[in-house]
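Everything below concerns the one structure shown next.
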Amino acid sequence: MTLTELANPSRFLALAGRILPWLVAATALVLLIGLYQSATAPDDYQQGATVKIMFIHVPNAWLSMFVWGVMSVAALGTLVWRHPLADVAQKAAAPIGAAFTFLALVTGSLWGRPMWGTYWQWDARLTSVLILFLMYLGLMALWRAVDDPSRAARAAAVLTLVGAINIPIIKFSVDWWNTLHQPASVFRMGGSTLDRAFLIPLLVMAVGFTLLFLTLHIAAMRNEILRRRVRTLQMLQASTSAV
Amino acid sequence: MSLGPYATFIVTSYALVTAVVAALIVWVIVDYRRQKARLHDLEASGVVRRSGRSAVDAS
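Line by line, the protein sequences give chains R and V. Take numbering that gives the first Met the number 0: the last position of the first sequence gets the number 242, and nothing is skipped along the way. Take numbering that gives the first Met the number 0: the last position of the second sequence gets the number 58, and nothing is skipped along the way.
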């Protein structure tokens with residue numbers, strides 16, 4: 000099946016119906032394995048058991064940026080190729096990305112209090128992630144503010160691409176500025192600094208949360224296609240009753 | 000499994016993630032059912048797509 004064929008909403012609905020049960024099962028399985036490994040991981044010699052917060056904080060933080068990346072590709076699809084599913088993908092991803100960003104902020108805060116002695120610090124990493132969260136909310140508000148989905152899609156696509164500038168700022172903030180937040184310890188030059196006892200549960204949880212995003216995103220895209228069909232039929236109903 | 004002196008922070012973190020993920024799952028399920036019900040209602044009132052195919056069905 001080519002990308003052009005998949006761009007047909009009816010074909011996408013049929014495909015979503017077939018793959019969603021498998022994705023749900025895979026997500027549940029990987030997350031259960033990840034949770035078991037997180038629960039049985041040893042305490043860190045400095046952080047003690049609070050290291051367990053890392054297994055949920057880091058996947059959410061990664062996904063907060065990954066989802067914006069997905070939305071940026073979809074925004075290009077809207078503006079450049081006018082792909083029929085691009086703005087559907089973009090709109091459906093925003094609330095999920097906002098939820099992951101919210102969780103990254105709050106779990107980071109709950110991890111920071113015992114480790115740093117504070118819930119919040121206006122350092123470059125924390126502030127740039129807060130800006131990302133506010134941008135997600137702004138994007139969701141924009142979708143709600145404009146009635147016509149195609150007009151809203153173009154405005155949202157421009158905002159998404161402008162907001163994408165924040166992603167490298169978040170990623171490299173710990174290198175460019177002196178921050179309370181620790182520098183990268185998994186994806187870095189010279190390899191991960193994490194011991195395998197922590198790295199494996201972390202990667203399993205990251206795969207599990209990525210599958211969760213994929214599942215929720217496809218389900219939310221299906222809902223958005225149906226919502227647009229409702230809108231089309233309502234307009235058709237209004238036009239026929241007006242004649 | 001002992002969570003040490005900071006158990007509250009760990010348990011709160013996991014509980015919060017569980018709650019938000021559960022809310023997302025409920026949101027997509029409820030929204031799906033709502034859109035399908037609205038489409039059924041519209042089709043039952045005689046409004047059909049230009050193609051003539053059902054808007055609820057996948058194809």
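Virtual Cβ for every residue (Gly too), placed ideally from N, Cα, C. None of the values given here were measured: they were computed from a predicted structure.
- If only uninterrupted alpha helix (DSSP H) runs of at least 4 residues are considered, none is enclosed by the stretch 27-62 of chain R.
- When rounded, the separation of the alpha-carbon atoms in alanine 156/R and aspartate 147/R is 14 angstroms.
- Residue environment for tryptophan 121/R: exposed (fewer than 16 other C-beta atoms within 10 angstroms of its C-beta).
- Taking a cut-off of 8 angstroms for Cβ pairs, the stretch 29-41 of chain R and the stretch 227-239 of chain R do not touch, as fewer than three such pairs fall below it.
- Collapsing the DSSP output to three states places proline 182/R in coil.
- Going by DSSP, glutamine 34/V is part of the alpha helix (DSSP H) stretching over 6-43.
- Per DSSP, the continuous alpha helix (DSSP H) segment holding aspartate 86/R begins and ends at 85-115.
- Per DSSP, the continuous alpha helix (DSSP H) segment holding alanine 155/R begins and ends at 148-162.
- Secondary structure note for arginine 143/R: its alpha helix (DSSP H) is the uninterrupted segment 123-144.
- The beta-carbon separation of glycine 96/R and tyrosine 44/R, rounded to 35 angstroms, does not stay under the 8 angstroms limit for a contact.
- In the structure shown, the three-state DSSP call for tryptophan 119/R is coil.
- Annotated as distal: histidine 180/R and threonine 106/R, with beta-carbon spacing of 9 angstroms or more.
- A straight-line Cα-Cα distance of about 47 angstroms links alanine 27/R and serine 240/R.
- The contact set of valine 25/V on chain R, defined by CB atoms closer than 8 angstroms, is empty, because the minimum CB distance reaches about 11 angstroms.
- Under the three-state reduction of DSSP, serine 1/V is assigned to coil, being neither helix nor strand.
- Within chain V, no C-beta atom comes less than 7 angstroms from the C-beta of alanine 155/R; the nearest is roughly 19 angstroms away.
- Nearest Cα to tryptophan 142/R within the set Ala237/R, Gly116/R, Glu223/R and Ala25/R: Glu223/R.
- At least one CB atom of chain R sits nearer than 9 angstroms to the CB of alanine 6/V.
- Here the C-alpha atom of serine 9/R lies approximately 43 angstroms from the C-alpha atom of serine 108/R.
- Taking the Cα positions, methionine 114/R is about 16 angstroms away from threonine 11/V.
- In the structure shown, valine 46/V falls within a coil segment according to DSSP collapsed to helix, strand and coil.
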